[in-house]
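Under our numbering, think of the first position of the sequence shown as 566, with each following residue one higher.
Beta carbons: idealized from backbone N, C-alpha and C, even for Gly.
Here is the structure we will look at, set down as structure tokens.
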Amino acid sequence: MQFRFEPGTSPALLLLHGTGGDENDLIPLGQRIRPGAALLSPRGEVNENGQLRFFRRLAPGVFDEADLVRRTHELADFVEDQCERHHMRKIVAVGYSNGANIAASMLLLRPGVLAGAVLLRAMVPLEIPHPPDLNGIPVLILAARHDEMMSADQPQRLAALLLGAGANVTLDWQDAGHGLGATDVTKARDWLSTNFAT
Ligand code: MLT
């Protein structure tokens with residue numbers, strides 16, 4: 566797996582880009598929302614007509630669930646390995662769009678790997694019959710009222726799913742579209758300093 570790693574303070578941020586991005590995309594965002602933090606930024610390995618993603622989809626918003634499950638475990642193994650290698654005790658995912666969807670999948674399928682998550686424009690990644698115990702871990706969902714990539718009920722459904730699994734979920738709505746803006750930066754930064762003081 567190709568990735569960028571920038572050493573820094575704890576908790577580290579796991580940066581997961583959106584469709585068409587790469588490992589460089591979210592580095593500036595990570596630096597702004599948590600100055601000085603260690604940054605781990607992998608590159609999605611699925612190539613969809615030249616656009617990189619973290620898992621396959623059958624159509625926009627329709628995911629290849631078997632592929633999602635397999636790649637979620639691969640990503641979680643990679644993250645665990647990097648955390649051990651760089652002595653990072655805590656890592657918080659910061660995912661955008663497709664990256665947020667695999668971060669949500671990781672919370673559900675591999676609880677314990679992430680200490681928290683900032684999910685920017687995320688959807689319900691998959692339905693699971695037995696949700697894990699997320700044991701109060703903090704999750705921020707930054708949703709947009711005019712998100713053209715998903716139906717309006719997705720953020721609320723995702724929040725309910727994670728809440729049902731015991732996560733400490735904050736669902737925040739903005740008057741925005743799928744793209745990120747200055748408000749996302751401010752909200753993610755403030756939430757990180759509140760929930761991860763050291
Ligand atoms: C996805 O495929 O994960 C979502 O549709 C978001 C996107 O990547 O466009």
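Taking a contact as a CB-CB distance under 8 Å, the pair alanine 669 and leucine 723 counts as one, their CB atoms being some 6 Å apart.
The residues Ile693, in chain order, have a CB closer than 6 Å to that of leucine 673 in the same chain once the five nearest residues on each side in sequence are set aside. For the set Ala732, Arg597, Leu640 and Ala603, the Cα lying nearest the Cα of valine 611 is the one of Leu640. Per DSSP, the beta-bridge partners of valine 683 are Val659 and Leu705. Here asparagine 760 is not near proline 720, since their CB atoms are 7 Å or more apart. Just measuring C-alpha positions, the residue of Gly701, Leu685 and Pro696 sitting nearest methionine 714 is Leu685. Here leucine 623 has Asp629 as same chain residues with Cβ atoms under 6 Å from its own Cβ, once five neighbours each way along the sequence are excluded.
Per DSSP, reduced to three states, the secondary structure at leucine 604 is strand. Taking C-alpha positions only, asparagine 589 is separated from alanine 747 by approximately 19 Å. Within the same chain, Asn666, Met715 and Gln719 come within 6 Å of methionine 688 by CB-CB distance, once the 5 residues on both sides are set aside.
In this structure, the CA atom of alanine 753 is about 6 Å from the CA atom of isoleucine 598.
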